[in-house]
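Novice: Sharing a structure, written as structure tokens. Questions coming.
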Amino acid sequence: MFLRLGRAQVVVVSTAKMAEEVMKTQDLVFCTRPVATSTTRLSYNNVDLAFAPYDAYWREMRKICVVHLFNSNRAQSFGPIREYEVSKMIEKVSGSSLESLLNETQAMFTSFCFSDLFPVLGFIDRLNGLVGRLDKNFRECDAFYQEIIDEHLDPDRAKPEQEDILDILLQLWKDRSFKVQLTFDNIKALLMNIFIGGTDTGAATVVWAMTYLMKYPIAMRKVQEELRQKVKDKGFVKEEDIQQLPYFKAVIKEAMRLQPAVPLLVPRESIQKCSLGGYEIPAKTIIHVNAWAIARDPESWGENPDEFKPERFVGKSVDVKGSNFELIPFGAGRRICPGIHIGLATVEIALANLLYAFDWEMPAGMKSEDLDMDVLPGLTMHKKNALCLVAINRV
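Under my numbering, think of the first position of the sequence shown as 1, with each following residue one higher.
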């Protein structure tokens, strides 16, 4: 579908075949990013990983993320940190201000900015308070990132048992062996990617998975039986346990299929004139890949594609890692989410322990049929109405 939004030319891709064309066959043509006023204000002069154009800087930052931060071995090394945080979550269920900052930043990323589409009307963004709101949010984010950098650089800080992501970034900053010299702004830009893209999305996925399991009680019983038979009386689901849970893995894939955390993925832009599906696409055309529509396409999923049915993945090789274009919650190609391994691991261990440790019931007077699937507008697709459940301690 072709749209003209002010000065912007936009193409929306909504089939697996066209998504493969954009993110694999012609990945190099569609691998850069549109630069928008609101994005630039929130991303350290456009130097962050998600919204940087495809150039030497982006490739170097991508290498840092893939090689040093988010490869599968590094993701596994962060396991003790994830397990500790999930154990604290379980304690909280049975018995900060950062959340509001994250919410405001996401709201800014998806706000309508006149100057993005109608440059001559950019003054309206100042009159309606958007520019001031953007600047205030940026200053608050910058202060937060600087605070945690200063904490990590404090010479009196005790050496941690497990290095975290910022420890690694600061080691690379001191190393000075990269083609592009890391600065604090570069580090803050990467932290923004991690906080904005790597926290809310995982939380939203867990909430949607729980929503579907409550709406489909047979699937809930089946996945809890698998978990409890495997883990038995250990009291906590470890990451190594999860690798032996095929139905549980299928539940997560099905939740990501029906409710991808970022339904339109992050936009791309064509770097030159090209052909897509027999149509001529001009240079600098913004490309939106509609992961939500692709994941519900009857051509890929057969009858009843809107039904929650984890069994469709059992014994199948379809995964979410960018090689099967009918299921691309993390994107694919050069612009695939570099935090895919950590993102999956975080969702898996959080959801597994919620299902293992508690039996779940609807509040008094409610039935599973009363659960709605309405969503809030925004960068991440959150449930519009909070999921309220009763947790009954089992462990």
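Cβ atoms here follow ideal geometry from the backbone N, Cα and C, with glycine treated the same way.
Start and end of the beta strand (DSSP E) containing H288?
Specialist: The count along the sequence shown starts at 1 and reaches residue 288 at position 288. Segment 286-289, the beta strand (DSSP E) holding H288.
Novice: Should the segment 243-250 be regarded as contacting the segment 358-367, the criterion being three or more beta carbon pairs within less than 8 Å?
Specialist: no
Novice: Check whether the Cβ atoms of L387 and V207 sit closer than 8 Å, and answer yes or no.
Specialist: As a working note, residue 387 is residue 387 in the sequence shown. As a working note, residue 207 is residue 207 in the sequence shown. Yes.
Novice: Checking 8 Å against the spacing of the C-beta atoms, do L258 and F308 come in under that value?
Specialist: Taking the first residue of the sequence shown as 1, we reach residue 258 at position 258. Taking the first residue of the sequence shown as 1, we reach residue 308 at position 308. Contact: yes.
Novice: Alpha carbons only, please: which of M23, G6, L3 is nearest the one belonging to V266?
Specialist: Residue numbering aside, residue 266 sits at position 266 when the sequence shown is read from its first letter. Closest option to V266, Cα to Cα, is M23.
Novice: Tell me the rounded alpha-carbon separation between I286 and P160.
Specialist: For this step, residue 286 is matched to residue 286 along the sequence shown. For this step, residue 160 is matched to residue 160 along the sequence shown. Roughly 44 Å separates the two Cα atoms.
Novice: In this structure, what does DSSP give as the bridge partners for A426?
Specialist: Any answer about residue 426 is impossible in this case: the structure gives the chain only from 1 up to 395.
Novice: Give the secondary structure of C274 by DSSP, where H, G and I count as helix, E and B as strand, and everything else as coil.
Specialist: On the sequence shown, residue 274 is found 274 positions in, with the first residue counted as 1. Strand, per DSSP.
Novice: State yes or no: is the C-beta of D164 within less than 8 Å of the C-beta of I64?
Specialist: Numbered from 1 along the sequence shown, position 164 holds the residue referred to as residue 164. Numbered from 1 along the sequence shown, position 64 holds the residue referred to as residue 64. Their beta carbons are not under 8 Å apart, which means D164 does not touch I64 by this criterion.
Novice: Are the segment 278-295 and the segment 12-29 touching, with three or more C-beta to C-beta distances below 8 Å?
Specialist: Yes, the segment 278-295 is in contact with the segment 12-29.
Novice: Any contact of the segment 202-219 with the segment 55-71, i.e. 3+ C-beta pairs under 8 Å?
Specialist: no
Novice: At which residues does the beta strand (DSSP E) containing L5 begin and terminate?
Specialist: As a position in the sequence shown, residue 5 is number 5, starting the count at 1. Where L5 is concerned, the enclosing beta strand (DSSP E) stretches over 2-5.
Novice: Sorted by chain position, which residues of the same chain lie with C-beta nearer than 6 Å to G378's C-beta, five sequence neighbours on each side aside?
Specialist: For the purposes of this step, residue 378 is taken as the residue at position 378 of the sequence shown. Taken in chain order, the residues that qualify are Q106, T110.
Novice: Would H341 and A204 be called neighbours here (beta carbons separated by less than 8 Å)?
Specialist: Residue numbering aside, residue 341 sits at position 341 when the sequence shown is read from its first letter. Residue numbering aside, residue 204 sits at position 204 when the sequence shown is read from its first letter. In this structure, A204 does not lie closer than 8 Å to H341 by Cβ.
Novice: Taking V12 as part of the beta strand (DSSP E), name the residues at either end of that continuous run.
Specialist: Counting from 1 along the sequence shown, the entry for residue 12 is found at position 12. 8-13 is the span of the beta strand (DSSP E), which, as asked, contains V12.
Novice: In whole angstroms, what is the alpha-carbon distance linking L121 and L127?
Specialist: To locate residue 121, count along the sequence shown from 1; it is residue 121. To locate residue 127, count along the sequence shown from 1; it is residue 127. If I take the Cα positions, the gap works out to 10 Å.
Novice: In whole angstroms, give me the CA-to-CA distance for I187 and W173.
Specialist: What you label residue 187 is simply residue 187 of the sequence shown in a count that begins at 1. What you label residue 173 is simply residue 173 of the sequence shown in a count that begins at 1. Distance between the alpha carbons of I187 and W173 is about 8 Å.
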